[in-house]
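Enquirer:
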Amino acid sequence: AVGASTLVLGGAVVAIPVLMLIIAGGASIPSPYTEEMLETMRNRYPRLNNQHQSWSASEDVPHPQPQPLRAPQPPDQGNCSNNSDQDRERHYYFRGTSVGYPGNESLQQLRITPVSTQPGVATAFAVESKRFGEGIVYIASKHDLTGILITPGSVLAQLEHEMAVHLLPLEFAARASVNTSPEASRKILASMGVHIPATIYSKSDISSILAQNRVLTDAEITIFVGRVRLEGEQ
Numbered sequence: 673a674v675g676a677s678t679l680v681l682g683g684a685v686v687a688i689p690v691l692m693l694i695i696a697g698g699a700s701i702p703s704p705y706t707e708e709m710l711e712t713m714r715n716r717y718p719r720l721n722n723q724h725q726s727w728s729a730s731e732d733v734p735h736p737q738p739q740p741l742r743a744p745q746p747p748d749q750g751n752c753s754n755n756s757d758q759d760r761e762r763h764y765y766f767r768g769t770s771v772g773y774p775g776n777e778s779l780q781q782l783r784i785t786p787v788s789t790q791p792g793v794a795t796a797f798a799v800e801s802k803r804f805g806e807g808i809v810y811i812a813s814k815h816d817l818t819g820i821l822i823t824p825g826s827v828l829a830q831l832e833h834e835m836a837v838h839l840l841p842l843e844f845a846a847r848a849s850v851n852t853s854p855e856a857s858r859k860i861l862a863s864m865g866v867h868i869p870a871t872i873y874s875k876s877d878i879s880s881i882l883a884q885n886r887v888l889t890d891a892e893i894t895i896f897v898g899r900v901r902l903e904g905e906q
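Written out as structure tokens, the structure reads:
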């Protein structure tokens, strides 16, 4: 088949007849450019001379090297809240429960664990949970929850400072790097001006207890966690 190739030289388009030979077995295809044209291109683009490239129909257009496919990287969801910027910067999450409690059926179906950003809230729930077993306060750091989605909590989120960690309750317990008894937690909180009673008879009592206590600042929460760690080492 007889075709034509074009070459742009100095802004002019020149048509060049080319005899296109298709030969089986990998034979080379004649260059569509004359030696005069190649020399003009070498003078205009000296870099080609240094590379000592021979021009052929298959080499006139550089082909980009294929890049390896990369799986999309998930966002860091270790503290991914849809609340304010302050919520997204929380470093610790607290859960008060009883040891070994897997959560109610709804939480297991949704694969969600309700937690609080306030240790006083978790401590109150841990005290109330003593009616069913050994109360405990789990403390998970932002690092403990790397890669785990965390979203705003329920309608009680404002009072309980609740967030939802997208893990089963027992999975959250396993990830939490720190835990303490409700008694130890109550003692530390009392020294910081947050008073949780030694006995809570029902969950309905928790709301009034929380309403009577102040909210710890982020700096105070860091101090609280540090004291829990220190007492755990003694």
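Just so we're aligned: 880 in the working numbering is position 208 of the sequence shown, and the numbers increase by one with no gaps anywhere.
Just so you know, even glycine gets a beta-carbon here, dropped at the ideal spot from N, CA and C.
1) Going by the DSSP bridge assignment, what does S863 pair with across the sheet?
2) Whose C-beta lies closer than 6 Å to the C-beta of T769 among residues of the same chain, with five residues either side of it excluded?
3) By DSSP, does P854 sit in helix, in strand, or in coil?
4) Please classify V900: is it buried, with 16 or more other beta-carbons within 10 angstroms of its beta-carbon, or exposed?
5) F804: which of S863, T889, S874 and L882 sits nearest, CA to CA?
6) Can you find a CB in chain C that lies within less than 8 Å of the CB of T889?
7) Residue range of the alpha helix (DSSP H) that R901 falls in?
8) Return yes when the Cβ of L888 is within less than 8 Å of the Cβ of P824, no when it is not.
9) Under the three-state reduction of DSSP, which class applies to I652: helix, strand or coil?
10) Leaving out the 5 sequence neighbours to the left and right, which residues in its chain are closer than 7 Å to T795 when beta-carbon positions are compared?
11) Output needed for Y773: all residues of its chain with C-beta closer than 6 Å, excluding positions within five of it in sequence on either side, in chain order.
12) Considering only the alpha carbon of each residue, which of E832, L840 and S863 lies closest to S876?
13) By DSSP's criteria, A836 is part of a beta bridge. Which residues make up the other side?
14) Answer yes or no: do I878 and A836 have a C-beta to C-beta separation smaller than 8 Å?
15) I need the DSSP call for Y810, collapsed to helix, strand or coil.
16) Give the straight-line distance between the Cα atoms of D890 and A883, rounded to the nearest whole angstrom.
Expert: In this structure, then:
1) The beta-bridge partner set that DSSP reports for S863 is empty.
2) Closer than 6 Å at the Cβ level, and outside the excluded window around T769, lie S801.
3) Reduced to three states, the DSSP call for P854 is helix.
4) V900 should be labelled buried.
5) When the alpha-carbon of F804 is set against those of S863, T889, S874 and L882, the nearest one is in S874.
6) The structure shown contains no chain C; it holds only a single protein chain.
7) If you look at R901, you'll find it in the alpha helix (DSSP H) that goes D890 to E905.
8) The Cβ atoms of P824 and L888 lie no closer than 8 Å to each other.
9) Here the chain covers residues 673 to 906 and nothing more, so residue 652 does not appear.
10) Result list for T795: G768, V809, P854, S857, R858, L861 and I868, in chain order.
11) Excluding residues within five positions, none has a Cβ falling inside 6 Å.
12) Of the candidates E832, L840 and S863, the residue whose Cα lies closest to the Cα of S876 is E832.
13) Per DSSP, P786 and T823.
14) Cβ distance not < 8 Å, so I878 and A836 don't count as in contact.
15) Y810 falls in the strand class under three-state DSSP.
16) If I take the Cα positions, the gap works out to 19 Å.
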